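Below is one structure, written out as structure tokens, with a few remarks after it.
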Amino acid sequence: MKTKVRIPQPKASELADEVDRLADAGLSEVGYGEPELERLAKVTWRINRLKKELGAVIPAHVYQRVEIVKGVADFVGDSYKLAKDCVSVEAEKIVFCGVRFMAETAKILNPGKEVLLPAKEAGCSLADSITAKDLRALKARHPGVPVVSYINTTAAVKAESDVIVTSANAKKILAWMYQRHHKVIFVPDGYMGLNLARELGKEVGRDMVVWGGTCMVHENFDAGAVSFYRRMYPGVEIMAHAECSPALVQAVDFVGGTGDMMRRVKESKAPAFMLVTECGLGDYARTVMPEKKFIPMCRLCPHMRANELGRILQCLEDPQPAQRVEVPAAVAAAAKRSIERMFEIAEDTAKA
Ligand code: 13P
Ligand code: SF4
């Protein structure tokens with residue numbers, strides 16, 4: 004039987020240093036006071052020690068709680084960056100702080116490594132909206148039409164797809180596909196499909212078959228409120244995630260994935276920003292760019308929020324079988340092909 008690894012509490016001086024480190028990392032920018040920082044520091048200190056001891060890495064999506072992103076993560080980013088970073092991970096243990104489809108992608112790219120998802124229940128409404136059986140039925144209705152799947156899908160759906168896309172490259176990869184095919188199937192995000200079809204001048208139905216999945220966070224933002232925000236905050240630059248409704252996407256100043264939004268905020272000289280997306284992005288942006296002004300307009304994703312420091316510590320000390328991410332070998336091999344296709348086309352189009 005494997006013995007559990009335990010790390011003792013930090014000494015007073017170690018705790019004080021860890022509190023300072025968290026404050027310097029920007030946690031005080033997002034409103035954490037001394038008592039809260041001390042409570043968090045007791046856990047981040049032990050997680051970081053344990054990571055070293057076990058040779059583990061923690062990738063974290065930008066929507067994760069800010070104390071995870073700034074306190075214990077080894078690399079942080081959007082879905083594309085995390086997938087790319089996972090290709091070259093040397094550690095034998097990956098504790099993925101994100102949702103299941105992201106952890107599955109890490110496992111597919113690292114079949115021999117142990118991949119753990121602390122919040123084993125962290126799913127995604129988009130990934131839940133379509134099964135491999137649904138996709139096979141859709142393909143049977145549109146024979147020969149290639150399938151472009153958003154990365155927010157299960158491994159089994161990826162295995163049935165021709166190429167995967169993320170918010171960071173969907174437009175370019177679809178444009179690449181349309182140079183070679185007159186029609187594509189796009190799953191599972193219905194709003195993203197409609198937004199992309201409009202941007203690319205394609206007609207849904209004729210040129211693009213779109214599945215009707217939605218993100219439970221982004222589908223709920225109200226396009227009608229955008230003009231009110233502009234009146235309340237003159238000059239504010241309003242940005243929305245590409246999973247938002249077409250009406251909202253057309254009302255805002257900038258649309259993209261989380262990585263695109265971060266880049267745009269860095270470049271922009273606007274007096275204030277509104278990031279219409281999951282709340283984690285605004286917290287992260289405030290820690291990275293404390294000099295910029297952010298007006299909160301966000302919602303919490305229950306799946307992304309399910310990971311928290313206590314569960315990460317437990318997962319490192321004594322991982323439970325349900326926290327281990329497994330993908331059957333045949334599914335993983337087929338899914339890997341469609342993910343690697345994304346890497347190839349994304350790199351190709353970036354050079355062009
Ligand atoms: P990004 O790839 O833009 O980070 O999006 C991930 C996601 O889950 C959006 O809801
Ligand atoms: Fe899925 Fe939406 Fe949560 Fe992202 S924010 S993980 S798309 S439910």
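Per the working numbering, the very first residue in the sequence shown carries number 4; after that it's consecutive.
We put the CB at the ideal spot given by N, CA and C, even for glycine.
Because the structure is a prediction, the values reported are computed rather than measured.
Just the C-alpha distance for residue i and residue j, rounded to the nearest angstrom, thanks.
{"i": "residue 183", "j": "residue 244", "result": "28 Å"}
{"i": "residue 288", "j": "residue 12", "result": "31 Å"}
{"i": "residue 46", "j": "residue 323", "result": "19 Å"}
{"i": "residue 208", "j": "residue 239", "result": "36 Å"}
{"i": "residue 190", "j": "residue 216", "result": "8 Å"}
{"i": "residue 336", "j": "residue 145", "result": "24 Å"}
{"i": "residue 354", "j": "residue 233", "result": "37 Å"}
{"i": "residue 25", "j": "residue 112", "result": "31 Å"}
{"i": "residue 57", "j": "residue 199", "result": "43 Å"}
{"i": "residue 163", "j": "residue 139", "result": "7 Å"}
{"i": "residue 305", "j": "residue 143", "result": "34 Å"}
{"i": "residue 211", "j": "residue 9", "result": "53 Å"}
{"i": "residue 42", "j": "residue 174", "result": "43 Å"}
{"i": "residue 121", "j": "residue 281", "result": "20 Å"}
{"i": "residue 392", "j": "residue 160", "result": "One cannot answer for residue 392 here, as it falls past the ends of the chain, which runs 4 to 355."}
{"i": "residue 7", "j": "residue 158", "result": "31 Å"}
{"i": "residue 340", "j": "residue 332", "result": "13 Å"}
{"i": "residue 309", "j": "residue 326", "result": "13 Å"}
{"i": "residue 48", "j": "residue 35", "result": "17 Å"}
{"i": "residue 128", "j": "residue 290", "result": "28 Å"}
{"i": "residue 98", "j": "residue 270", "result": "32 Å"}
{"i": "residue 27", "j": "residue 68", "result": "17 Å"}
{"i": "residue 83", "j": "residue 92", "result": "15 Å"}
{"i": "residue 293", "j": "residue 206", "result": "42 Å"}
{"i": "residue 317", "j": "residue 101", "result": "16 Å"}
{"i": "residue 14", "j": "residue 126", "result": "37 Å"}
{"i": "residue 263", "j": "residue 40", "result": "30 Å"}
{"i": "residue 123", "j": "residue 103", "result": "7 Å"}
{"i": "residue 153", "j": "residue 342", "result": "10 Å"}
Excluding the 5 residues flanking residue i on each side, which residues of the same chain have their C-beta closer than 8 Å to its C-beta?
{"i": "residue 176", "result": "151, 166, 168, 345, 348, 349, 352"}
{"i": "residue 149", "result": "165, 166, 180, 184, 187, 188"}
{"i": "residue 225", "result": "251"}
{"i": "residue 88", "result": "62, 78, 80"}
{"i": "residue 229", "result": "241, 251, 254, 255"}
{"i": "residue 37", "result": "22"}
{"i": "residue 203", "result": "174, 177, 178, 181"}
{"i": "residue 52", "result": "10"}
{"i": "residue 76", "result": "61, 62, 63, 67, 100"}
What three-state label does DSSP hand residue i in the structure shown?
{"i": "residue 209", "result": "coil"}
{"i": "residue 383", "result": "Outside the shown range of the chain (4 to 355) lies residue 383, about which nothing can therefore be said."}
{"i": "residue 304", "result": "coil"}
{"i": "residue 319", "result": "helix"}
{"i": "residue 137", "result": "helix"}
{"i": "residue 111", "result": "helix"}
{"i": "residue 58", "result": "coil"}
{"i": "residue 419", "result": "Residue 419 is absent from the model: the chain starts at 4 and stops at 355."}
{"i": "residue 244", "result": "strand"}
{"i": "residue 203", "result": "coil"}
{"i": "residue 264", "result": "helix"}
{"i": "residue 217", "result": "coil"}
{"i": "residue 150", "result": "strand"}
{"i": "residue 281", "result": "strand"}
{"i": "residue 192", "result": "strand"}
{"i": "residue 259", "result": "strand"}
{"i": "residue 327", "result": "strand"}
{"i": "residue 334", "result": "helix"}
{"i": "residue 8", "result": "coil"}
Leaving out five residues before and five after residue i in sequence, what residues of the same chain have Cβ atoms less than 6 Å from its Cβ?
{"i": "residue 275", "result": "236, 239, 296, 298"}
{"i": "residue 267", "result": "257"}
{"i": "residue 110", "result": "118, 328, 330"}
{"i": "residue 170", "result": "245, 260"}
{"i": "residue 303", "result": "282"}
Only counting the same chain, and skipping five residues up and downstream in sequence, which positions put a Cβ closer than 7 Å to that of residue i?
{"i": "residue 246", "result": "192, 194, 195, 218, 221"}
{"i": "residue 95", "result": "58, 116, 117"}
Given 7 Å as the limit, tell me if residue i has its C-beta closer than that to any heavy atom belonging to the ligand GDP.
{"i": "residue 88", "result": "Among the ligands in the structure shown, the ligand GDP does not appear; only the ligand 13P and the ligand SF4 can be found there."}
Starting from the N-terminal end, write out each residue whose C-beta falls within a distance shorter than 7 Å of any non-hydrogen atom of the ligand SF4.
Those satisfying the condition are, in chain order, 66, 102, 127, 128, 129, 130, 155, 218, 219, 220, 221, 246, 281, 304, 306, 307.
In chain order, which alpha helix (DSSP H) runs of at least 4 residues are fully inside the segment 62 to 130?
Whole alpha helix (DSSP H) segments, 4+ residues: 69 to 74, 82 to 90, 103 to 112.
Specify which residues have a beta carbon nearer than 5 Å to any heavy atom of the ligand 13P, listing them in chain order.
My final list is 81, 82, 169, 170, 260, 261.
Suppose only complete runs of 3+ residues qualify. What are the beta strand (DSSP E) ranges in the segment 152 to 183, listed by chain order?
Those beta strand (DSSP E) runs which fall completely within the segment 152 to 183 and span 3+ residues are 166 to 168.
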